Amino acid sequence: MDGHAHAADAHAHEIEIPYTVHARPDTGLYNGKLGIWLFLASEVMLFGALFSTLILLRTSAPTWPHGYKLLNVPLATVNTFVLIASSVTVVLAWAYLRLGELKKAKIYLALTLLCGLGFMVIKTIEYSTKFQHHIGPHTNNFYATYFVMTGLHGLHVVGGMVVFAYLLLTANKWYAEKRDQFTNRVEVTGLYWHFVDLVWIFLFPTLYLL
Amino acid sequence: MTDTHAPHDAAEFAPHQHAGGPGVEPLSEERHPTHHSDHDPAHHNSPEEVKKEVRKYLIVFGCLALLTAITVWIASFHLPTWQAVTLALVVATFKGFLVAAFFMHLISERKLIYAVLVMTVFFFGMMIWGPWHHHYDAEEEWPGYDKAHNAAAAAPASSHESGH
Amino acid sequence: MAPKRQIRVGTQWMRARDAQRALEEAIRVAESEEREHEHHVPFLRKYVFSTDHKWIGVQYGITALTFLLMGFSMMLLMRWQLAFPGKPFPGWIAQFLGEANAPGGVMLPEFYNQLGAMHGTVMVFLAIVPLAVGAFGNYVVPLQIGAPDMAFPKLNMASYWCYLPGGLLMLSSFLVTGGAANSGWTSYPPLSVIATQGQTIWILGMVLLITSSLLGSVNFIVTIFQLRAKGLTFMRLPFFVWAQLVTSFLLLLAFPPLEAAAILQLMDRVAGTSFFLPSGLVISGTPMQNAGGGNPLLWQHLFWFLAHPEVYVLILPGMGIIAEVIANNTRKPLWGYKSLVGAGVFLGFMSFVVWAHHMFMTGMGTVISAFFQTTTMIISIPSVVILTALIISLWGGSIRFTVPMMFALAFLPMFGIGGLTGLPLGLAAADIHLHDTYYVIGHFHYVVAPGTIFAMFAGIYYWFPKVTGRQMNEFWGKVHFWGSLVFINGVFAPMFIQGLAGVSRRLYDGGAQYLHAKPVLHTNLWISTSAWLLLIAQVPFIFNFFYSMAKGKRAGANPWNATTLDMAATTSPPLGHGNFAVMPTVHRGPYEYSVPGHDEADFLPQHVPDETAPAPVSGGGMLPAGAVAQRET
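Following this line, the structure appears as structure tokens:
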């Protein structure tokens, strides 16, 4: 999802990188798409290491508290719906871009951003409730894994939101000058966002319901 | 997705498409435009196709919402741990499959991406298995060897109430 | 009639020395003309925050070599303590170290531990991988696949600018209270959790370095898949590119677990969690106040999950370089190209499933232990296949003993020793005796030092003319080679003996406290002396490197008469303008040397069309005195 210079640039960046926008015939992919899938593979290993941590610590501990006893299940359920909805909105944004309807696409991008914000607000409520009772990662390993896993996930949500904000703010300019590349960027960011949703789909039952 | 194009063999990046032709042209898009419709599932841009996709997305959304509700409902039974874990994982996996297959259109993606993901899943499995099995295996051979853990569980460090 | 002892240059006759000067002048004029036509690119954009893979490769190279020297120096300091336990350093060194680290000039054990941990960290993460992947990979891969740059140039720049701050951050930890990280490069908890603040800095530095690696690996894989030139199928790729591809997959998938583990250790250190801290831990008589219930072995699993693939990251690019140099200097194709590729890919895959052979002494049950012994034995097979293919490649070759080739030839038996000595370590029964002894240090250093570092030297001598347009001095290169070969063996061979005698690693006194170490203690002096002589052997290299950049003999685009696409690019391709005047098309495999029926030259480059053009002019090589100045297009 990266760039190369415009011909009008004063920079000596006249190098054009092939297959930035259109797919290479034999691989069937454009660069950004392959790039983001590779990145997501590495993210699977990152979160996987944390799941491995949880599994080891939990199965080797003689006792382990139930998430539904200690955590706010209704709030987290709402968060799950919020994130799933945001996945739908981003994929709709991309669909509308391909249909050439920039206005609708921007609305859906904004909705995605809003959902992300909603997720983080609920997360903040959850965390601060715990902190107010002097409960934190230091309390025990259940809370340690809860805070680290949801915290890292939350950081990823914020990261995605930053990119969506950038895309939204620059949408008009990009759409006018480099429509296909912009569509690709939305697609690629959307793939990242779906992955963030996917992680939560596993995190939610694992931490809150078991 | 409506991509019925026969999948490429990821291992065979043969020069068929490149055979012949002047070998000295710059590798730019202007000279060698790719034909999107054959290769790029993302670029089926006709309004009808996109609208079909949109319908699909909304159906998937509905399924996901339903499955989420089901997950929470099953959890309320407080089944014994192994059953609870298995059910939760099965449902979560199916939800994940829906997100990956349709939102990320993995279902019509290139073989190369599949190959990377299959490999990743395998290594992920190894990483989940290793530490756990180490403990499990050792506990089987030398029961009670992990005294540090057994001591831990009895005394969680600070007082905390359950609830929110 | 030609004047005596003069050569013709253009329309003039002149003496050879004048001809060389005329050539230099012509090149100077041409370059300044080119500069006038260039857009004016600000210095910062061109040389500091460059997005050109060639310059980024140079940045990585200079930075990595500097860190390599620093890591080497750390070890040289340690070797003083091991050779002369408790004796003060010479005055100027003692002054440099300061009273905090070496009161009265005598190294403190705490400082020894810092040097040990940082030597490992610097060598692995700041020197070798950035050199092998960041420098050689970045510079050469796009050239060898006929690409104008990497797939994501800005990401490439970001990669470097995560690496440099990460490295500087790591090294800055020497200056804080308590000094640098001192729990080994392996940072095992609980020790690393209770260690001084240098460990926190280590963790933060690692996060930056891992980020750099991840960005880079995505870039490499996408570049190799997507930007290959026309006609460059996977089975026509130079083995160097295959090696970099597998390496990048290793970095991509193996680093994240360490990143996660680093975060967990950071939390243990600063947030009071107990991921790795077991219950009931008592430090110096005081029970720890944490919640407990953690598992130190969890760190080991997550750490080695990365660190084992990491060692293949250390060796694979080196093997790639050796393959290129051998094919080029035997003037024949590599033997068993398909086996090499298959073995490389298989090696990469297997590297993910052997990690716990570093943990045989942690109380593993028989099932898991058997599993990892088996996979470890299996992984030795592709290594042997690769080494064998490279050795057989020499058979029937017309060997040119250039400096790169000498390093490549030495690599073969040195890597052989390193690999073979790994076998007893991979078997749990033998490992009981050898684990954590100097035998292990000997084993892995043989693979990385006379193994990978020799491959790096080979690569530097081989690609120096391409990068700078000048040749390094051959004589001093050979001096560097022989000095390095002799003394590097002097450093590491005795370590096997020490290890077999049972001398543990990471001991401040080098084993003096143990009775069983007594018979082999004297080898400490041999090892240390060899290490200091090894330093001296590097001086001609460092001098040669910088001197040749300014004053070396001019080289053409293809100074070694090689067949790969990197040699089709111009000499020292300019920054910011792509690499090829005309994008190449590939017509054949990468090692078409001594092609039967092609009598004009003993090599046929990949990009030369079949049967049409006359034999390629031997690339403008080292311009002999009588040559006419050739301008590359």
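Residue numbers (our numbering), protein chains in the order written: chain A, 935 to 1144; chain B, 73 to 236; chain C, 742 to 1374.
Using N, Cα and C, we set each Cβ at its ideal position, and we do this for glycine too.
If you're wondering where the values come from, they're calculated on a predicted model, not measured in any experiment.
Residue i classed as buried or exposed, judged by whether at least 16 other C-beta atoms fall within 10 angstroms
i: S1062 (chain A); result: exposed
i: V1232 (chain C); result: buried
i: I1062 (chain C); result: buried
i: S1289 (chain C); result: buried
i: P215 (chain B); result: exposed
i: I886 (chain C); result: buried
i: P871 (chain C); result: buried
i: G913 (chain C); result: According to the sequence provided, residue 913 (chain C) is Ser. The question's Gly does not apply to it. Exposed, because fewer than 16 other Cβ atoms sit within 10 Å of the Cβ of S913 (chain C).
i: D1177 (chain C); result: exposed
i: A123 (chain B); result: A small fix is needed here, since residue 123 (chain B) is Lys in this sequence, not Ala. Result: exposed.
i: V1125 (chain C); result: exposed
i: K1064 (chain A); result: buried
i: T106 (chain B); result: Interpretation of T106 (chain B) is limited by its pLDDT of 42, a score under 50 that renders its predicted location unreliable; no figure is taken from the coordinates.
i: I797 (chain C); result: buried
Close Cβ partners of residue i (< 7 Å) along its chain, the five nearest in sequence each way excluded
i: K795 (chain C); result: Y880, P1314 and L1316
i: L1102 (chain A); result: K1040, L1043, A1044 and L1047
i: R1032 (chain A); result: T1117
i: R1247 (chain C); result: G857 and G925
i: P1071 (chain A); result: Y1077, A1078, F1081 and V1082
Own chain partners of residue i with C-beta closer than 6 Å, once the 5 adjacent residues on each side are dropped
i: A873 (chain C); result: P1058
i: G1224 (chain C); result: A1278
i: P1139 (chain A); result: none
i: L1345 (chain C); result: E1333, V1336 and H1339
Which of helix, strand or coil DSSP assigns to residue i
i: K245 (chain B); result: A query on residue 245 (chain B) cannot be resolved here, the shown segment of chain B reaching from 73 to 236 and no further.
i: H107 (chain B); result: Note that H107 (chain B) scores 41 on pLDDT, short of 50, meaning its location in the model is unreliable; the coordinates nonetheless yield the value given after this. Of the three classes helix, strand and coil, the one that applies to H107 (chain B) here is coil, per DSSP.
i: W1136 (chain C); result: coil
i: F1152 (chain C); result: helix
i: V1096 (chain A); result: helix
i: V1244 (chain C); result: coil
i: R756 (chain C); result: coil
i: P1028 (chain C); result: strand
i: F1205 (chain C); result: helix
i: R969 (chain C); result: coil
i: L972 (chain A); result: helix
i: I748 (chain C); result: strand
i: L1144 (chain A); result: coil
i: R127 (chain B); result: helix
i: L1061 (chain A); result: Note that residue 1061 (chain A) corresponds to Tyr in the displayed sequence, not to Leu. Looking at Y1061 (chain A) - three-state DSSP - the assignment turns out to be helix.
i: T192 (chain B); result: helix
i: Y217 (chain B); result: coil
Cβ neighbours of residue i in the same chain (closer than 8 Å, five flanking residues each side left out)
i: D218 (chain B); result: H207, A210 and E211
i: A1110 (chain A); result: none
i: Y1126 (chain A); result: I970, F973, L974, G1094 and V1097
Reference residue i, options the options, closest by Cα
i: W998 (chain A); options: A:T1079, A:F1098 and A:M1083; result: A:T1079
i: T954 (chain A); options: A:D1114, A:G1034, A:P996 and A:T1011; result: A:D1114
i: P1074 (chain C); options: C:R756, C:L978 and C:K895; result: C:L978
i: M1147 (chain C); options: C:G1200, C:N854, C:F1087 and C:N923; result: C:G1200
i: L1041 (chain C); options: A:L990, A:W1134, A:H956 and A:G962; result: The question names Leu, but residue 1041 (chain C) is Gln in the sequence shown. With distances taken between Cα atoms, Q1041 (chain C) lies closest to A:L990.
i: L1143 (chain A); options: B:H177, B:I142 and B:E181; result: B:I142
i: T862 (chain C); options: C:W943, C:W983, C:I1229 and C:I1119; result: C:W943
i: W1267 (chain C); options: C:F825, C:K787 and C:M1029; result: C:F825
i: A995 (chain C); options: C:I1133, C:M1091, C:Q855 and C:T1143; result: C:M1091
i: N1285 (chain C); options: C:Q1212, C:T964, C:G1240 and C:G1251; result: C:Q1212
i: M869 (chain C); options: C:I1132, C:P1260 and C:E1051; result: Here residue 869 (chain C) turns out to be Ile, not Met, going by the sequence shown. That would be C:E1051, whose Cα lies nearest to the Cα of I869 (chain C).
i: K1057 (chain A); options: A:G1001, A:I970 and A:V1091; result: A:V1091
i: N1106 (chain A); options: A:A957, A:K1037 and A:G1052; result: A:K1037
i: A876 (chain C); options: C:V865, C:N854 and C:Y901; result: C:Y901
i: A1002 (chain C); options: C:L1038, C:Q747, C:M976 and C:L992; result: C:L1038
i: E1341 (chain C); options: C:G1330, C:N1302, C:R1329 and C:F1321; result: C:N1302
i: L823 (chain C); options: C:G1319, C:L1276 and C:S1271; result: C:S1271
Of all the beta strand (DSSP E) runs that stay within the bounds of the stretch 799–842 of chain C, which reach a length of 3 or more residues?
Secondary structure remark: continuous beta strand (DSSP E) runs of at least 3 residues inside the stretch 799–842 of chain C: none found.
Run through the stretch 906–986 of chain C for me and flag every whole alpha helix (DSSP H) of 4 or more residues, listed as ranges in chain order.
With a minimum length of 4 residues, the continuous alpha helix (DSSP H) runs that stay inside the stretch 906–986 of chain C are 932–935 and 939–967.
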